[in-house]
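Protein chains in written order, with the numbering used here: chain G, 1 to 269; chain Z, 1 to 970.
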């Protein structure tokens, strides 16, 4: 098979679109810097205040789209979460959730993405009720099927926390039937691995955990959990060599992850 | 708006119509009288600039050219107008209308005059780009190198230089430029593109570690990549190159960066939408600069290229198969056999007819084989055979499967694969290997006749084959083990004649002596053994030969010499089996000569010299028994427990339970109180419990508690194991005294421990009790732990039988049959052969496999050692089989079986109840209603059967029959 290496050579400068703008239903565009949010309205000042300038108000419902780059806090919070700092992630991302909460459904809004990180941060701190509420909020407003699927996975995870593995498993099946994004599939596989591990079905657990490196290798953020799960499952299965190898790979490749710390404790390596 | 209110007049003459007219006038050369109507140079310049602003470079370019021409002819520019600036504008305009030659000419002329400053940099950029677009890459590289000195263009210059150098065939220059670009570039789409280009170049230059490092850097920021299809292509190419270079982890990293077909298409679609929006935006705001124009042009090209690439990927329906195969292969080569199996499974599931199908099947078989998943491997081979029965690779799969099945203890599968391989692939080069493996496998499992057949087939097909020596020797061994000693001796002779220096000569000579010993030709055997011992003073088999010499002397009743030979054998390396044999033989001879102390000393020496040997527990057992034979029961208990206490906290020492049972047997009996031999009163269970606890439970000093939590866990586990063993020993005493209630109470207490704390012998007994008590889940967890943690233990059959019973009760007959078979085939059914055989029989019956069930029930019923409930069950089941077959003859025979149960096995009331009911029903089927009624009535008279459900059914049938018969007689 030929794989078009010529494409690589066609180097081009593609600068990101970095405006922060509100697009109104009448076609008008408001720069974020030119307006303030007041009384549930966007308020634009005309002229200078000292010379008797005026203000124009726009209803929030007039905003049909946001033209906004991803706030850096979202990615930073994701990274904190991956390194086991869930409380810090929650603190960092919550203002972003609040900022975009007034435009939850508009295209270009970062509400759902930020709220998903927050829901995961809550789940990681075992704030089960809060995580469930956050996930349900996302499901209620987001029109992005991938994000909805991921929020539903957070809900399924809470069912496991509540000791209802059968319900969780049924939810995961339903999620996978409806959504097929790589991340949703990978996260569902991780949870199913956890369920199988809990019932000591080690072979099945390995079949789920190892889907991450096998089929979703580009999702690096899920690798630590997959490696930790597979190390535990190998141990249950009785394969000490592979157990040690998985622990070592986790500790060497993802040393800053929360799972690496657990691996160190569990493996004694 | 181009005009300011300060220049209203000019505004009037610069309408577009006028501009076009002017342009035409100037260019056409029709202005023969130009000198008369010459337009001022400033006005032309102004018009040219206006066209630039109006994004009409085509109109601007000739105007600029006109200005430059007139300047060349000596006209001067107004003050404030810079020739450099005009030249830049002119070059840029010509660049935009793709007249690169003219742009180059203007730029070069300008740079010949002014080579530094901002405008010079602007012009240099136009020149570089124009040269590049004229494919004058080498010259362009030089221009961009000079442009790097400009702070304004440094980043772009590096990037363009890299591109030009790449096109000029100067990859090292391109790599250098890109590497420097990445040092100060922010992590964004440009950065990701630059990294991609750098990886491509490193790959082209075979700088694999650098290419790999580049990809690893990019993996953390895959979302930044606009050119997703390009990334996929590059990652695949890099993966293939790294595989060839044997950098498997690197290849794996590369392949794992490749997105599957649906993902790459979806991502690229999103990126294209973004690029299209950007392109529109760029077109709307693009200035007159050459870099703006170039950026737009390249972005457009990029979009077109990605669309073409996407179309190609869309056309490749098997794109993922290609990816899965590579990933699977890389995982496999790195030892990730589980991951590889997952990938090959998915490949074959999603693409059952793809090009890589046969290779994928073989790779999947190998992956399962190497991860020790024999059942999965077997299934994979069967699927392969169905999908591609004539594939050459199937022979390889069968060979791999046979090896793996052998390693996994699945001789049945090994035989199956070898038989298929040998018979179906007669021309395969692997057949020779499979034939000899088949012979060895048959020999190992005791199918000596088949082993002989395989060997003879081998010798016919490959008389001078690479395993001919092995085959010839194996043939002789097959004769010996089947008791054909004379034939064996002859065949060994043939072997020795053909291979006088062969690999098996010393063993062959030993086997001849063994065969002679078996033929009771002690003189010949003795002679050959002596010769052997003289010829092989350092041979590793010497201990075995000395043991044979001991046997020969014993056969000749030369016990002193026999003991001497056995003792000599003991001083040499022996297999555990042989060591046990020699120790037992010596013990037997010492006992026969009543030299108990000699035997005790021998075992004590053994325990002292090999304190960690598993037979130390045997030593304790024998020391105890021998001391007891001397009447020294207390000493026996003390010496046995002194050894037992060393291992009492270690659950993996599974032979200890045998010793504990022996201790229990001694403790259960009253000690002799004095020399007169009068026995003390039988100790109460409470006294027994106290005594056993005193033997093994030492108080744990508080100071010994460690700060290390792992160590504390281990100590806690050892303590739990010790306590469980104390309870078990006491339970054994209760068992000897037939106090089942007390025994069960103690075992129930043991069941409170986690399975990890319990040795296999105790796990089995406790799990059996839990199952009997209806605690199925807990019993299952104990059985599971037993067969997974202690699969090689002699008590593993408890686990397999238990799991078989649970599956049988749940109606999972396939699983039940497998587990009952595992108890026999894997665990050797040392304790549960009867239960396993009966389990298999009843499972086969439940599956409707009546002939196979009958054979096994007959086996159980005819085994005298198993007389009891199992016999009653088997006889009843044989009757049930006949009843199921129907027909008067079978029913009559069934009747005989049922009657035999309630007449001969009355003790086993559950089976008696069933037999009565079945007997009555059979009489009814035969139309013998009176006999049926009599049978039911007889059953109802037996008070022991009152609580059984069968009795209620019998009562109902009796009432019904009584009415019928009464009505009939009336």
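Beta carbons are placed, not taken as given, at the ideal position from N, Cα and C, and that holds for glycine.
Contact with chain G by residue i, beta-carbon distance below 8 Å
i, result
"residue 257 of chain Z", "yes"
"residue 220 of chain Z", "yes"
"residue 327 of chain Z", "yes"
"residue 338 of chain Z", "yes"
"residue 342 of chain Z", "yes"
C-beta contact flag for residue i and residue j at 8 Å
i, j, result
"residue 473 of chain Z", "residue 504 of chain Z", "yes"
"residue 104 of chain Z", "residue 125 of chain Z", "no"
"residue 160 of chain G", "residue 195 of chain G", "yes"
"residue 95 of chain Z", "residue 293 of chain Z", "yes"
"residue 253 of chain Z", "residue 216 of chain Z", "yes"
"residue 99 of chain G", "residue 68 of chain G", "no"
"residue 692 of chain Z", "residue 726 of chain Z", "yes"
"residue 369 of chain Z", "residue 391 of chain Z", "no"
"residue 138 of chain G", "residue 124 of chain G", "no"
"residue 224 of chain G", "residue 256 of chain Z", "no"
"residue 875 of chain Z", "residue 839 of chain Z", "no"
"residue 101 of chain G", "residue 119 of chain G", "no"
Proximity test, Cβ basis, 8 Å: residue i and chain Z
i, result
"residue 218 of chain G", "yes"
"residue 23 of chain G", "no"
"residue 240 of chain G", "no"
"residue 84 of chain G", "no"
"residue 34 of chain G", "no"
"residue 144 of chain G", "no"
Proximal residues to residue i (C-beta, below 6 Å), its chain only, five neighbours per side dropped
i, result
"residue 216 of chain G", "182 and 186"
"residue 926 of chain Z", "891"
"residue 878 of chain Z", "857 and 897"
"residue 88 of chain G", "80"
"residue 106 of chain Z", "87, 90 and 91"
"residue 142 of chain G", "112 and 148"
"residue 323 of chain Z", "258"
Proximal residues to residue i (C-beta, below 7 Å), its chain only, five neighbours per side dropped
i, result
"residue 258 of chain G", "83 and 84"
"residue 859 of chain Z", "837"
"residue 204 of chain Z", "171"
"residue 248 of chain G", "269"
"residue 974 of chain Z", "What the structure shows of chain Z is the stretch from 1 to 970, and residue 974 of chain Z is not part of that stretch, so it cannot be assessed."
"residue 261 of chain Z", "313, 319 and 320"
"residue 228 of chain G", "250, 259, 262 and 263"
"residue 195 of chain Z", "182, 214, 217 and 218"
Nonlocal neighbours in the same chain, by C-beta distance under 8 Å from residue i, ignoring five residues either side
i, result
"residue 359 of chain Z", "325 and 393"
"residue 35 of chain G", "22, 42, 43, 44 and 58"
"residue 959 of chain Z", "none"
**Prompt:** Given a limit of 7 Å on CB to CB distance, which residues of the region 778 to 804 of chain Z reach chain G?
**Reply:** 788
**Prompt:** Quick check: the region 459 to 476 of chain Z against the region 431 to 449 of chain Z, are there 3 or more CB pairs under 8 Å?
**Reply:** yes
**Request:** Check whether the region 628 to 643 of chain Z touches the region 761 to 771 of chain Z, taking contact to mean three or more Cβ pairs, one atom from each stretch, closer than 8 Å.
**Result:** no
**Request:** Mind the definition here: the region 197 to 209 of chain Z touches the region 224 to 241 of chain Z only if three or more C-beta pairs lie below 8 Å; say whether that holds.
**Result:** yes
**Asked** Given 8 Å as the limit, is there contact between the region 324 to 339 of chain Z and the region 301 to 309 of chain Z, that is, 3 or more CB pairs closer than that?
**Response** no
**Request:** Would you check if there are 3 or more beta carbon pairs closer than 8 Å linking the region 490 to 510 of chain Z to the region 520 to 535 of chain Z?
**Result:** yes
**the region 646 to 662 of chain Z touching the region 715 to 735 of chain Z, judged by at least three CB pairs closer than 8 Å** = yes
**Message:** Using a Cβ-Cβ cutoff of 7 Å, what residues of the region 237 to 271 of chain Z are near chain G? List them in chain order.
**Reply:** 237, 256, 257, 259 and 263
**Prompt:** Per the contact definition of three or more C-beta pairs closer than 8 Å, is the region 165 to 180 of chain G in contact with the region 200 to 207 of chain G?
**Reply:** no
**Request:** Output, in sequence order along the chain, the residues in the region 194 to 221 of chain G whose CB is closer than 8 Å to any CB in chain Z.
**Result:** 200, 203, 206, 207, 210, 211, 213, 214, 215, 217, 218 and 220
**Prompt:** Taking a cut of 8 Å between CB atoms, which residues from the region 181 to 194 of chain G lie near chain Z?
**Reply:** 182
**Segment contact, 8 Å Cβ cut-off, at least three pairs: the region 660 to 670 of chain Z with the region 725 to 740 of chain Z** = yes
**Asked** Would you call the region 815 to 825 of chain Z and the region 786 to 804 of chain Z in contact, with 3 or more CB pairs under 8 Å?
**Response** Output reads yes: the region 786 to 804 of chain Z touches the region 815 to 825 of chain Z.
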